[in-house]
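Everything below concerns the one structure shown next.
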Amino acid sequence: MKQVKVEDLSIIDIPKITDPRGNLSVIEKDIIPFEIKRVYYLFDVPSGSYRGGHAHKELNQFLIAVSGSFDVVVKDEKNERRITLNNPSKGLLITPGVWRELENFSSGAICLVVASDVYQADDYIHDFNAYLAYKALNRN
C-alpha cells in the first residue's frame with residue numbers, strides 16, 4: 002500500500018456550467034480517478050455531531066458539500082489537516098489509508114460521497130490505534 006499523507010490529498014474542481022436559470026455541475030469518468038460504484042449522502046446531521054471516525058484500506062472517496070458546509074479532518078501517522086468544504090463545484094479526494102472525521106456541519110448541510118466500491122465492512126478501520134498499527138504494518 003502506498004503511504005498517503007494528508008498533504009497529498011487534493012481538492013478537485015468539478016466542471017460548472019453557469020446559467021441564469023441555475024448552475025449545473027457534472028461528475029463523469031474523467032473528473033475523479035476511479036470507477037464509481039456507490040453514491041450516498043449525509044444530511045440532517047445534528048449540530049455538534051460528527052461523522053466518519055474511520056479509515057479505509059482500499060476504498061477511494063470523493064466528498065462534496067452539495068449544500069451548506071462542513072469540515073473534513075484528515076489524519077495520517079504524524080499530521081492532521083482540516084479542510085472546509087462549502088462549494089458544490091469542488092470535491093475532496095480521499096485515498097485509502099487516510100483517517101477522516103467530518104464535523105462542524107452547518108444547518109442544512111448535505112455531504113455527497115462518491116465511492117470506488119460498494120460497502121464492505123472489512124475495509125473499515127474504526128479505531129485510531131488500530132489504524133496506526135495497520136499503517137505501521139503496511140509501510141512501503
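Counting from 2, one number per residue, gives the positions in the sequence shown under this note's numbering.
All residues carry an ideal CB built from backbone N, CA and C; glycine is no exception.
For clarity, every value in this text was computed on a predicted model and none was experimentally measured.
{"Asked": "Other residues of its chain near Leu10: CB distance less than 8 angstroms, five sequence neighbours each side excluded", "Found": "Val75, Arg82, Ile84, Leu93, Leu94, Ile95, Thr96 and Val99"}
{"Asked": "Identity of the residues DSSP links to Thr19 by a beta bridge", "Found": "According to DSSP, which records beta bridges pairwise, Thr19 is partnered with nothing at all."}
{"Asked": "Check whether Val119 and Ile37 have beta carbons under 8 angstroms apart", "Found": "no"}
{"Asked": "Coil, strand or helix - Leu10 by DSSP", "Found": "coil"}
{"Asked": "Lys136, enclosing alpha helix (DSSP H) - first and last residue", "Found": "Phe129 to Leu138"}
{"Asked": "N- and C-terminal bounds of the beta strand (DSSP E) containing Gln62", "Found": "Gln62 to Ser68"}
{"Asked": "C-alpha distance - Ile18 paired with Asn130, whole-angstrom precision", "Found": "44 angstroms"}
{"Asked": "Range of the contiguous beta strand (DSSP E) that encloses Ala110", "Found": "Premise fails: Ala110 is in no beta strand (DSSP E) and is neither H nor E."}
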